[in-house]
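Chemist: Terminal number for the sequence shown in my numbering: 485, no gaps in between.
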Amino acid sequence: MKLSLENISSLAEQITCPSYRRDEVQSGIVHIGVGGFHRSHQAYYMHQLLAGAENSAWGICGMGLREGDQNIAKVLKDQDGLYTLITQHPDGNETCEVIGSIVDYIFAFENPEAAIEKMADPAVKIVSLTITEGAYNFNPSTGAFDFENPEVQHELKHPAEPKTVFGFLCAAMERRKEKGLAAFTILSCDNIQHNGDVARKMVLSFAEKKDAALYDWIKNEVKFPNSMVDRITPVTPKSAISFLQNTYGLEDAWPVVCEPYIQWVIEDNFSNGRPPLEKFGVQFVPDVTPYEKMKIRLLNAGHSALGIPGAVHGHPTINACMEDTLFASFMRAFMDKEVSPILDPVEGIDLDKYKDSLEDRFANPNIKDGVSRICSESSAKLPKFLIPTIQENLLSGGSIKYGTFILAVWSYYSHIGKDNNNDDIEIIDERKEELHQSAKSYEEDKLGFLRISDIFGSLTANERFVKHYSKMLDALHRDSDIHALMREIGDDGYAV
Ligand code: CS2
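#1: Pick helix, strand or coil for S293, following the three-state DSSP scheme.
#2: Can you give the beta carbon distance from E327 to S400, rounded, assuming they're within the 8 angstroms contact cut?
#3: Closest to P101 by CA distance: which of G89, P151 and I91 is it?
#4: Looking at the unbroken beta strand (DSSP E) that takes in D345, where does it start and where does it end?
#5: Return helix, strand or coil for V87, following the three-state DSSP convention.
#6: Quick one, which of A450, D412 and N355 has its alpha-carbon nearest D80's?
#7: Identify the continuous alpha helix (DSSP H) that holds I478 and give its terminal residues.
#8: Please state if the CB of D200 and the CB of E163 are separated by a distance shorter than 9 angstroms.
#9: Where does the unbroken beta strand (DSSP E) through I416 begin, and where does it stop?
#10: Please report the straight-line C-alpha distance between E452 and M283, rounded to a whole angstrom.
#11: Is the closest heavy atom of ligand 1 to the C-beta of H493 under 8 angstroms?
#12: Taking 9 angstroms as the cut-off, decide whether the C-beta atoms of R28 and I91 are in contact.
#13: Using the Cβ count rule (16 or more neighbours within 10 Å means buried), how would you classify Q77?
#14: Please classify S231: is it buried, with 16 or more other beta-carbons within 10 angstroms of its beta-carbon, or exposed?
#15: Name the DSSP bridge partner or partners of M217?
#16: Entirely within the segment 122 to 201 and at least 3 residues each: give me those beta strand (DSSP E) ranges in chain order.
#17: In the segment 412 to 459, which residue ranges form an unbroken alpha helix (DSSP H) of at least 4 residues, counting only runs that do not cross its ends?
#18: Starting from the Cα of L176, find the closest Cα among Y483, S216, T393 and P249 and give me that residue.
#19: Is DSSP giving C247 helix, strand or coil here?
#20: Does ligand 1 have even one heavy atom less than 8 angstroms from the beta-carbon of V116?
#21: I'd like to know if the segment 188 to 202 and the segment 120 to 136 are in contact, where contact means that at least 3 CB-CB pairs between them fall below 8 angstroms.
#22: Could you tell me the distance, in whole angstroms, from the CA atom of G89 to the CA atom of Q272?
#23: Return yes when the Cβ of L295 is within less than 9 angstroms of the Cβ of F316, no when it is not.
#24: Is any heavy atom in ligand 1 found nearer than 8 angstroms to the beta carbon of D358?
#25: Measure the C-alpha to C-alpha separation of S442 and S130 and round it to an integer number of angstroms.
#26: Looking at C-beta atoms only, is the number of pairs between the segment 46 to 60 and the segment 332 to 347 that lie closer than 8 angstroms three or more?
#27: Taking the DSSP output, what are the residues bridged to C50?
#28: Under 9 angstroms, do G22 and G48 count as touching if we go by C-beta distance?
#29: In the DSSP output, what is K407 paired with across the bridge?
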């Protein structure tokens, strides 16, 4: 039976379905970037909230700004916004639940006017974002907004034709301002430290170029809480679709698979009210900085520490990396020796236990999180997840060899594009060609890869870093033996 509103009462006999009247739910939230993560995380929290009485103002209207969002737009339209969330437990059990919190969806790429009008609806109180790390459009080494971006240039000249999140948000805020409406909150849910502050800085930079009065209005009225989000959500495997079909007779074209763990920590700083999410385990705190730094530098960088060497070694998934004891101990040593020393204490969190729990989560054999997802868009991720850790350790005189190894392997991976079985590595990165060209210059210039300064800053100027990096990259080019190098690094083959 096809997943749709019409079939929900029959489906409810087989599988848990929304218990609330979806036709009575209003969209108090517009969410830009409805990917797997949004559907396993925020939409799941809102689904729990909607099941409670008097919360019907907090449904979600999903929005897709990119051409590539057409698939999700079609699936959600065909299924009345419904989808199944499959939570995979480490013991092999799974929990399946139909989620109903996405009550509307606008494919903004095709219909920008409808998207702007929706965001200017008085019922909308929050616009939340999972637009990926790269879409914040800043130069990671200077932090400045990139006005060279051709899409940004286009939308500044033609405000009625927004392309990026900045064009859309500013057009909507302009309309709210004209109508005399209260501002919405802009809630970033991407893995960037100080994600709210970064979103604010970028939106204000764009608005300043557009219109001084709008700039002032945003500055005074719009709140941008920082938040830390967490739930591992792999790319949906085809097997999830057939599993639902075989187990429940349910036809869902795009379910979501995730782990049981879920966390959301938000600064309690909203422009126009917020849902009472604390009832569902969301933590509201005055300052999210220590939580987000801990999560991004340990979990996200830990993923890259496994995924990039894993891709070259030929491990398909993160749990396969964790089954390889050399990989698992490499990652733990990276966390213990290079990340823990630069973290601030986090109230109520025992760091060792947190790292233990990350190991368990990564090892969950039923998540099968592909290394290709982890390595995707590394050019946007590593300047946020890893490079600042290396820079901070260089300043303090701390260990850098584990982090440096990850960068050396990334360079080798971008250059050769083949794993140790001689199979092609699937590289997904907007800057793939540029990364390949600079990595390829290794023969003439060993540090060629690192000369992309907006990614690596001035790492090439640091002697200690350069010494380790060159030695590791040479070793990789000699025999690409990831295990041998991991062993050597662990055995103190590379002095601090
Ligand atoms: C991953 C994240 O993108 C990545 O490389 O580390 O998607 C990670 O799975 C989530 O942030 C978990 O909360």
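Built from N, CA and C at the ideal position, the CB exists for glycine as well. Since the model is a prediction, treat every value here as computed from it, not as a measurement.
Modeler: On the basis of the supplied data:
#1: Of the three classes helix, strand and coil, the one that applies to S293 here is helix, per DSSP.
#2: That pair is no contact at about 19 angstroms.
#3: P151
#4: Counting along the chain, D345 falls outside any beta strand (DSSP E), though it belongs to the alpha helix (DSSP H) covering L340 to A352.
#5: When secondary structure is reduced to three states using DSSP, V87 falls in the strand class.
#6: N355
#7: I471 to G479 is the extent of the alpha helix (DSSP H) around I478.
#8: yes
#9: Neither: I416 is in no beta strand (DSSP E) and is coded neither H nor E.
#10: 28 angstroms
#11: Because the chain spans -10 through 485 in this model, residue 493 falls outside it and cannot be assessed.
#12: yes
#13: buried
#14: Looking at its Cβ environment, which holds fewer than 16 other Cβ atoms inside 10 Å, S231 is exposed.
#15: V254
#16: 174 to 177
#17: 421 to 429 and 442 to 445
#18: Selected option, being the one with the closest Cα: S216.
#19: In the structure shown, C247 sits in a strand (DSSP, three-state: E or B).
#20: no
#21: yes
#22: 23 angstroms
#23: yes
#24: yes
#25: 7 angstroms
#26: No: the two stretches stay apart, fewer than three of their Cβ pairs being nearer than 8 angstroms.
#27: For C50, DSSP records a beta bridge to V19 and D93.
#28: Result no, Cβ atoms of G22 and G48 do not sit closer than 9 angstroms.
#29: D413
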